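Visitor:
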Amino acid sequence: MILHHVPGSRSMRVLWLIEELGLDCELRLWSLTDGGLRSPEFRALSPAGRIPALEVDGRAIFESGAILQYLTEREDRLAPKPGEPERGDFLEWVHFAETQANILQALNIHHIFLRPESARSIPLMRLDTKRLAVTARALDDHLAGRETLLSGFSAADCMLGFNIEALFRFLPAADHPALAAYRDRMAARPAYRRAAARAGGDAIYARDFYEVPDVPG
Numbered sequence: 283m284i285l286h287h288v289p290g291s292r293s294m295r296v297l298w299l300i301e302e303l304g305l306d307c308e309l310r311l312w313s314l315t316d317g318g319l320r321s322p323e324f325r326a327l328s329p330a331g332r333i334p335a336l337e338v339d340g341r342a343i344f345e346s347g348a349i350l351q352y353l354t355e356r357e358d359r360l361a362p363k364p365g366e367p368e369r370g371d372f373l374e375w376v377h378f379a380e381t382q383a384n385i386l387q388a389l390n391i392h393h394i395f396l397r398p399e400s401a402r403s404i405p406l407m408r409l410d411t412k413r414l415a416v417t418a419r420a421l422d423d424h425l426a427g428r429e430t431l432l433s434g435f436s437a438a439d440c441m442l443g444f445n446i447e448a449l450f451r452f453l454p455a456a457d458h459p460a461l462a463a464y465r466d467r468m469a470a471r472p473a474y475r476r477a478a479a480r481a482g483g484d485a486i487y488a489r490d491f492y493e494v495p496d497v498p499g
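Read in order, the letters of the sequence shown are residues 283 to 499 in this note's numbering.
Here it is, written out as structure tokens:
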């Protein structure tokens, strides 16, 4: 099993799940900035040139949600089975995580990757910050009085729990206490700690918190 990985990226979701499942996995590291993800070699694994991709069982699988679903079904663990009461909830949270991640990606582009800074759209940055806050409030409400997204830990927590550290780069953790406590519980899991130790740090964020800049003039 080979996981194609960028430190700080969505591939952490898969690495965390692999550690939770106790599977052996080799890491192949890539960069967001050197053009390697656009190479024919990588696009043969992930046609859109996006991380993660997982080589397993004689094939390559891309899209983190698809990989998580494949591995939980392959190992028959950490996901409700079709027909079980929480199956719908599991699928909802897996896909909610990607909705939230796409907002985070938009904020990353504006705050970090878009150059020159004059090319940034401050109204869009404000709008996406508000959209992110909507998702954070929904999670804060859902997690009040709960330990995990479902009745027990599942791959949905790997899928969504990865987002929370990035979310608090743009929203104050103090405004979302249940979500902040959930983040701390997930980060304390032994499998998360093992994954974080292998993951290679964070290749994206240089600051703890990113404010939306004032509109010039």
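For each residue, glycine too, the CB sits at the ideal point set by N, CA and C.
Bear in mind that the values here come from a model prediction, so they are computed numbers and not experimental data.
Going by the beta-carbon positions, is the gap between Leu314 and Val296 smaller than 8 Å?
Guide: no
Visitor: Starting from Glu337, trace the alpha helix (DSSP H) in both directions and tell me its first and last residue.
Guide: Where Glu337 is concerned, there is no enclosing alpha helix (DSSP H), although the beta strand (DSSP E) it sits in stretches over 335-338.
Visitor: Taking 8 Å as the cut-off, decide whether the C-beta atoms of Glu357 and Met283 are in contact.
Guide: Cβ distance not < 8 Å, so Glu357 and Met283 don't count as in contact.
Visitor: What is the DSSP secondary structure of Ala456, counted as helix, strand or coil?
Guide: helix
Visitor: Count the other C-beta atoms from every protein chain shown that fall within 10 angstroms of the C-beta of Glu323, then say buried if there are 16 or more, exposed otherwise.
Guide: Classification for Glu323: exposed.
Visitor: Give the straight-line distance between the Cα atoms of His393 and Leu406, rounded to the nearest whole angstrom.
Guide: 11 Å
Visitor: Pick from Ser433, Ala448, Ile404, Arg320: whose alpha carbon is nearest that of Asp371?
Guide: Ser433
Visitor: Do you know offhand how far Thr417's Cα is from Gln382's?
Guide: 7 Å
Visitor: Checking contacts by CB at 8 Å: is Ser328 closer than that to chain D?
Guide: Included in the structure is just one protein chain, with no chain D present.
Visitor: Ordered along the chain, which non-local residues of its own chain (more than five positions away) have a Cβ less than 6 Å from that of Phe344?
Guide: Ser328, Ala335
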